[in-house]
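A.B. asks: A single structure is presented below for examination.
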C-alpha cells in the first residue's frame, strides 16, 4: 500500500508538478481513501522520499554489526548504503533529482534528510571516540566530510543522468576522507600492532592533503 | 525600519511563541502597515534571521580581498565572520538558539542558511583549485568540514548560554580543519619557497589525523 501510494504520487508529480498535485489526486489515482495516505506519509514531501526511513534503520543496523577495525571506514561503508539505494533504481532516482531541483520545498526537505544521516554518523563516531581529545568535534567534522564526499559523487552521477559507475565514484570520494581522517590502514587496530616506524621525506611546499596521501602511501595501503 | 520589524517580531516570538504570532501582530507592534513587513522579509522565518543576508555579502567581500596565501585559511577566516555576528549580540543569539530548537520550521530554515554558507565557501575553493585533481570534491569536503567545525564550536557556546570564549573555541575547531586540509603553513604559498625537505618518524599505529598533527608540527607552524 505504501509503495502503491508513493508510485501514484510520484507519477502525478511528474505529470502535473509537485505543487499542482493534491493529496486527493494521489489517493484517487491509488484508489484508496484520504486517511490511508496520512497513515503512511506525514506530508506530500515524505512521499517523494519513501526509502530514507528504511535506509537510516539499515545504516544503524550496519554500524552495530560492522567488524571493520576503523570507525571511519565503518561510517564510509555505512554511507554507501545510501548510494546503493539510489543506484538500485537509476531512472527513478534521476527523475526525482530533477524534480527536487525545481521545487524549493523538496530541496529543503532533502537538506533535513541529509542532516539526519550526518547526525547518525556523527553520533556513532562520538561514541567510538568517547574519552579521546576533541571527540565531539572530530566526530562532527568527519561525519560532515563523509556526507559531503558521498553527496558530491552521488550528485555528479544524478546530474549525468545516471551514466557511469556510481559505486566507483563514491568509493573514490570516500577514499579521500578515509585516508585523511581514518586510522592507519594496517588492519590491526590500535592494539597489538608492532610499533614500526616510517621515515617520510617530502617537500615543505606540499599542501598537507598531498602530504597525507604520501603518508598513506608510505603506510602501504591500497 | 527593517531592524524595528525584526525586533518587534522577535519580542513577540519570545512572548507568544513563533507559531502563535501572525504578521499582523508584528506590524501592529512595530506600528507599520502589513505590506512593509513583506517588503523586508519574504516570510516570518526570515525575520528571525535578519543578519545572514548581510553576513553572506560580507563573506564574499572578505574572500575577494583576503591576501592569505592559503585558500583554506581564507575560508576558515571567512567562517569566523558568522561567529562574530552571533558573538556581537550574545543574549539575542542564545534566545534565538533556544527558540530555533523548539520550532521545526526554524530548524529547517537554519539548515538552508547553513547550506548557503557552505555553497559559498565551496564555490570559492573550487575556483581557487580549478584545474587541480578532484578540485570540486576537495572543495565540497573542505567547505563541509569548515562549516561543521565552526558550527560545533558555535553550538557549544550557544548551548552554554553564551559562556566562555567563543572566538577561541571556533579558532581551535577551525585550526583542526586548516591543519588537515590547508597548505603547508610556511607562509610562502606554492611559488618561491625553498624546496626544503623534512624527515618525519612516526609510529605505524598512529591514526592519520594524529600523523597530520605531527607533520604540521614538523613543518613549524604555531
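Chains as they are written, first to last, in this note's numbering: chain A, 2 to 223; chain B, 2 to 223. A virtual CB, placed ideally from N, CA and C, is assigned to each residue, including glycine.
1) Which bits of chain B does residue 127/A rub up against, with CB to CB less than 7 Å?
2) How about the region 78-85 of chain B and the region 143-158 of chain B: do they share at least three Cβ pairs that are nearer than 8 Å?
3) I'd like to know if the region 33-49 of chain B and the region 83-94 of chain B are in contact, where contact means that at least 3 CB-CB pairs between them fall below 8 Å.
4) Need the endpoints of the alpha helix (DSSP H) that residue 91/B sits in, please.
5) With DSSP as the reference, label residue 2/A as helix, strand or coil.
6) Given that residue 164/B touches chain A, what residues does it touch there, using C-beta distances under 8 Å?
7) Determine, using beta carbons only, whether residue 178/B and residue 142/A come nearer to each other than 8 Å.
8) Using a Cβ distance threshold of 8 Å, determine whether the region 22-33 of chain A contacts the region 91-111 of chain A, with at least three qualifying pairs required.
9) If we ignore side chains and look at the alpha-carbon of each, how far apart do residue 172/B and residue 174/A end up?
10) Output, in chain order, the set of chain A residues within a Cβ distance shorter than 9 Å of residue 180/B.
11) For a cutoff of 8 Å on Cβ pairs, would you count residue 20/A as touching chain B?
12) By Cβ distance, which residues of its chain are closer than 6 Å to residue 213/A, with the 5 residues on each side in sequence left out?
13) Can a CB atom of chain B be found closer than 8 Å to the CB of residue 188/A?
14) Using the Cα positions of residue 194/B and residue 73/B, report the straight-line distance between them to the nearest angstrom.
15) Report the neighbours of residue 101/B on chain A: residues whose CB is nearer than 7 Å to its CB, in chain order.
16) Would you identify the three-state DSSP class for residue 37/B, choosing helix, strand or coil?
17) Taking only the alpha-carbon atoms, compute the straight-line gap between residue 12/B and residue 45/A and give it to the nearest angstrom.
18) Among the residues of its own chain, which have a CB less than 7 Å from the CB of residue 223/B, if the five just before and after it don't count?
19) Got a sec: is the Cβ-Cβ distance from residue 81/A to anything in chain B below 8 Å?
20) Mind the definition here: the region 131-138 of chain B touches the region 51-59 of chain B only if three or more C-beta pairs lie below 8 Å; say whether that holds.
21) Any idea if residue 1/A is buried or exposed, counting beta-carbon neighbours within 10 angstroms, 16 or more meaning buried?
22) Which of the three DSSP states is assigned to residue 72/A in this structure?
23) Considering just the uninterrupted stretch of the alpha helix (DSSP H) at residue 63/B, what are its terminal residues?
24) Could you check if residue 183/B is buried or exposed, using at least 16 other CB atoms within 10 Å of its CB as the buried criterion?
C.D. replies: With the given structure in hand:
1) Indexing the first chain from 1 puts residue 127/A at position 126. Counting only Cβ-Cβ distances below 7 Å, residue 127/A has no contacts in chain B at all, with the closest Cβ about 11 Å away.
2) Touching, yes.
3) No: fewer than three Cβ pairs fall under 8 Å.
4) As a working mapping, residue 91/B is identified with position 90 in the second chain. Run containing residue 91/B: 91-103, per the alpha helix (DSSP H) assignment.
5) Here residue 2/A refers to the residue found at position 1 of the first chain. Correct three-state label for residue 2/A: coil.
6) Here the question's residue 164/B lines up with position 163 in the second chain. Going along chain A, no residue has its Cβ under 8 Å from residue 164/B, so there is no contact; the nearest lies around 17 Å.
7) Your numbering for residue 178/B matches position 177 in the second chain. Your numbering for residue 142/A matches position 141 in the first chain. Note that the C-beta distance between residue 178/B and residue 142/A is below 8 Å.
8) Short answer: they don't touch.
9) The residue you call residue 172/B lines up with position 171 of the second chain. The residue you call residue 174/A lines up with position 173 of the first chain. Distance between the alpha carbons of residue 172/B and residue 174/A is about 27 Å.
10) Position 179 of the second chain holds residue 180/B. The answer, in chain order, is 209.
11) Position 19 of the first chain, counted from the start, is the residue given in the question as residue 20/A. Not one chain B Cβ lies under 8 Å of residue 20/A.
12) Here residue 213/A refers to the residue found at position 212 when the first chain is read from its first residue. Hits under 6 Å: 181.
13) On the first chain, residue 188/A is found 187 positions in, with the first residue counted as 1. Because the pLDDT at residue 188/A is just 39, under 50, the model does not fix this residue reliably, and the value given afterwards should be weighed accordingly. Answer no: the Cβ-Cβ gap between residue 188/A and chain B never drops below 8 Å.
14) Start at 1 with the first residue of the second chain, and residue 194/B comes out as number 193. Start at 1 with the first residue of the second chain, and residue 73/B comes out as number 72. Because residue 194/B sits at a pLDDT of 40, beneath the cut-off of 50, its placement in the model cannot be relied upon, and the point is left open.
15) Reading the second chain from its first residue, position 100 is the one you call residue 101/B. Residues of chain A with a Cβ closer than 7 Å to the Cβ of residue 101/B do not exist; the shortest Cβ-Cβ separation is about 14 Å.
16) Translated into the one-based positions of the second chain, residue 37/B becomes position 36. Here residue 37/B sits in helix by DSSP.
17) Start at 1 with the first residue of the second chain, and residue 12/B comes out as number 11. Start at 1 with the first residue of the first chain, and residue 45/A comes out as number 44. Near 33 Å, if we compare the C-alpha coordinates of residue 45/A and residue 12/B.
18) Here residue 223/B corresponds to residue number 222 of the second chain, with the count starting at 1. Confidence in residue 223/B is poor, its pLDDT being 46 and thus under 50, which makes the residue's placement too unreliable to answer from.
19) Numbered from its first residue, the first chain carries residue 81/A at position 80. Closer than 8 Å to the CB of residue 81/A there is not a single CB belonging to chain B.
20) No: fewer than three Cβ pairs fall under 8 Å.
21) Outside the modelled stretch of chain A, which goes from 2 to 223, sits residue 1/A, for which no answer is possible.
22) Start at 1 with the first residue of the first chain, and residue 72/A comes out as number 71. In the structure shown, the three-state DSSP call for residue 72/A is helix.
23) Here residue 63/B is taken as the residue at index 62 of the second chain, counted from 1. Per DSSP, the unbroken alpha helix (DSSP H) holding residue 63/B starts and ends at 53-66.
24) For the purposes of this step, residue 183/B is taken as residue 182 along the second chain, with counting starting at 1. It is buried - the Cβ of residue 183/B has at least 16 other Cβ atoms within 10 Å.
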